[in-house]
Amino acid sequence: MAASKRLVQRSVIDNFLVSNFSYSGSRNGRFDFRQISQLAKSNGSRACLVDTLALVRRLEGQGVPSKQAEAITGVITEVLNDSLENVAHSFVSKGESQKNEMIHESNLSKFKSEIQSTQEHQFSLLQRDTEKLRTELQRETEKIRTELRYEIDKVTSGLRLDLNLERGRTRDELANQRAETANLNNKLDQVSHAMRAQLEAAKYDVIKYCIGTLVSISAVGLAVIRILM
Numbered sequence: 026m027a028a029s030k031r032l033v034q035r036s037v038i039d040n041f042l043v044s045n046f047s048y049s050g051s052r053n054g055r056f057d058f059r060q061i062s063q064l065a066k067s068n069g070s071r072a073c074l075v076d077t078l079a080l081v082r083r084l085e086g087q088g089v090p091s092k093q094a095e096a097i098t099g100v101i102t103e104v105l106n107d108s109l110e111n112v113a114h115s116f117v118s119k120g121e122s123q124k125n126e127m128i129h130e131s132n133l134s135k136f137k138s139e140i141q142s143t144q145e146h147q148f149s150l151l152q153r154d155t156e157k158l159r160t161e162l163q164r165e166t167e168k169i170r171t172e173l174r175y176e177i178d179k180v181t182s183g184l185r186l187d188l189n190l191e192r193g194r195t196r197d198e199l200a201n202q203r204a205e206t207a208n209l210n211n212k213l214d215q216v217s218h219a220m221r222a223q224l225e226a227a228k229y230d231v232i233k234y235c236i237g238t239l240v241s242i243s244a245v246g247l248a249v250i251r252i253l254m
């Protein structure tokens, strides 16, 4: 008996929902969920969407007892209100959608501005680091150039000093060789003069010896001639 009552109530509710929503849909041309969302009040009270008296009389006209018709009407009203509240909570109104869209656009623009400011900040930091690195590189380059110049000048001055010392030594050796050559030349000249003097003396001695020999031969010859005569 209870199952048959629930079946009758469900069939009546379904017929009522189909007839009411099809009637409203055919009258308006379309079913607008925004209208449903506007039926729920913000203070939590429920709007009466069903003519309960007409529904009770209609159910009584179909042979349903008065108490059951009133109970079915209450259930239908409660189910409709609950369903419409759920639909209203499920769908967002156009104003709320525009509001959410504006909030999203605001958040998006804020995010873009934050990204842009972050990029600008990072770019400024990168540019600052680049300039700092460039300055350090220039400083290190100048330092290396200065050290290289100092080392080159040091090596050059050392080479010049060594070259000057070598030139001085060469000059001293050349001077010593020239002095030795001059001494040898002087000795050779002295020896040559001494030999010339000895030759001259020997030549005079030979001439004297020859003259003495000739005189002796002449004297002997004269003596022989005198003897023979």
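First residue of the sequence shown: 26, per the working numbering; consecutive thereafter. Virtual Cβ for every residue (Gly too), placed ideally from N, Cα, C. Remember, predicted model here, so these are calculated numbers, not experimental data.
In terms of Cβ geometry, V81 and E103 do not form a close pair [threshold 7 Å].
With contacts defined by Cβ atoms closer than 7 Å, L84 and I97 form a contacting pair.
Per DSSP, V81 is one residue of the alpha helix (DSSP H) stretching across 77–86.
Here the alpha carbon of E172 sits roughly 12 Å from the alpha carbon of R164.
By the criterion of a C-beta distance shorter than 7 Å, S138 is surrounded by no residue of its chain, once the five residues flanking it on both sides are discounted. If you draw a straight line from the Cα of S131 to the Cα of L150, it is about 28 Å long.
Around the beta carbon of L105, 16 or more other beta carbons sit within 10 angstroms, so the residue counts as buried.
Sequence-distant partners of S217 (beyond 5 residues in either direction) whose C-beta falls short of 7 Å from its own C-beta are missing from its chain.
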